[in-house]
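Here's the structure we're looking at; comments come further down.
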Amino acid sequence: MRVEIKAKNNAELIRKLNESLNEEVTEVYINLRPTKEILVRILERAPNVRKISCPPSLYPKVSKKAINALAQMGIELVPGGYPRGRPRKYDERTIREVYDLIRKGVTPKEISSRMGIPLRTVYYLIEKMGARQWRE
Numbered sequence: 711m712r713v714e715i716k717a718k719n720n721a722e723l724i725r726k727l728n729e730s731l732n733e734e735v736t737e738v739y740i741n742l743r744p745t746k747e748i749l750v751r752i753l754e755r756a757p758n759v760r761k762i763s764c765p766p767s768l769y770p771k772v773s774k775k776a777i778n779a780l781a782q783m784g785i786e787l788v789p790g791g792y793p794r795g796r797p798r799k800y801d802e803r804t805i806r807e808v809y810d811l812i813r814k815g816v817t818p819k820e821i822s823s824r825m826g827i828p829l830r831t832v833y834y835l836i837e838k839m840g841a842r843q844w845r846e
């Protein structure tokens with residue numbers, strides 16, 4: 711079972727770890743840097759944990775000794791979690807469809823009205839793919 715725990719500070723994180731973890735938990739994601747105190751709390755509350763992950767930006771700040779000690783116990787500490795930045799508005803299928811229409815010679819204005827995508831976004835996708843195969 712995977713558990714995601716988010717907190718604003720270490721005290722809140724430790725409180726949430728005490729409430730959320732049990733023997734069934736095998737994966738834990740925390741949004742703060744895993745200090746020794748936090749790692750010990752995770753191991754006490756979830757003895758069957760095999761994977762602990764934290765944000766990629768905080769992973770380099772984790773003690774190498776802690777990473778090695780966990781590895782010796784068969785537990786991996788890895789960077790992971792949520793992607794950063796703004797979520798994509800259009801899925802890959804929609805973008806692919808725009809690309810296909812561009813390749814077929816459909817004008818950006820026509821693509822915009824057909825698919826309900828802003829004209830500026832269609833031009834952005836054209837620039838992104840490096841295509842100049844359309845004529846207006």
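For the sequence shown, the working numbering gives the first residue as 711, with consecutive numbering after it.
Backbone N, C-alpha and C fix where the C-beta goes; we use that ideal spot for every residue, glycine too.
Helix or strand or just coil, what does DSSP make of Leu723? Within the sequence shown, residue 723 is the residue found at index 13, counting from 1. Residue state, collapsed to three classes: helix.
Supposed close pair Gly790, Arg760 - CB separation, criterion 8 angstroms: Here residue 790 refers to the residue found at position 80 when the sequence shown is read from its first residue. Here residue 760 refers to the residue found at position 50 when the sequence shown is read from its first residue. The beta carbons of Gly790 and Arg760 sit about 14 angstroms from each other, so the pair does not count as a contact at 8 angstroms.
Return the first residue and the last residue of the beta strand (DSSP E) that Arg712 is part of. As a first step, residue 712 is located in the sequence shown; it is residue number 2 there, counting from the start. If you look at Arg712, you'll find it in the beta strand (DSSP E) that goes 712-715.
Contacts around Glu846, its chain only, beta-carbon distance under 6 angstroms, and the 5 residues preceding and following it disregarded: As a first step, residue 846 must be located in the sequence shown, where it is residue number 136. Caution is warranted here: a pLDDT of 47 is assigned to Glu846, below 50, making its placement in the model unreliable, and no coordinate value can be reported.
Could you check if Ala756 is buried or exposed, using at least 16 other CB atoms within 10 Å of its CB as the buried criterion? By one-based count along the sequence shown, residue 756 stands at place 46. Buried, since its Cβ has 16 or more Cβ neighbours within 10 Å.
Quick one: which unbroken alpha helix (DSSP H) runs of 4-plus residues sit fully inside the stretch 768-807? Chain order, please. Listed in chain order, they are 774-782.
Would you identify the three-state DSSP class for Ile762, choosing helix, strand or coil? For the purposes of this step, residue 762 is identified with residue 52 of the sequence shown, where counting begins at 1. Looking at Ile762 - three-state DSSP - the assignment turns out to be strand.
State the DSSP-derived secondary structure class of Glu747, mapped to helix, strand or coil. Within the sequence shown, residue 747 is the residue found at index 37, counting from 1. Residue state for Glu747 is assigned as helix, using DSSP reduced to three classes.
Reference Leu787, options Ile812, Glu807, Arg813, Thr745, closest by Cα: Position 77 of the sequence shown, counted from the first residue, corresponds to residue 787. It is Thr745 whose Cα lies nearest to the Cα of Leu787.
With H, G and I counted as helix, E and B as strand and the rest as coil, what does DSSP make of Ile740? As a first step, residue 740 must be located in the sequence shown, where it is residue number 30. Ile740: strand per DSSP, three-state reduction.
Glu733, DSSP secondary structure in three states: Here residue 733 corresponds to residue number 23 of the sequence shown, with the count starting at 1. When DSSP states are grouped into helix, strand and coil, Glu733 belongs to the coil group.
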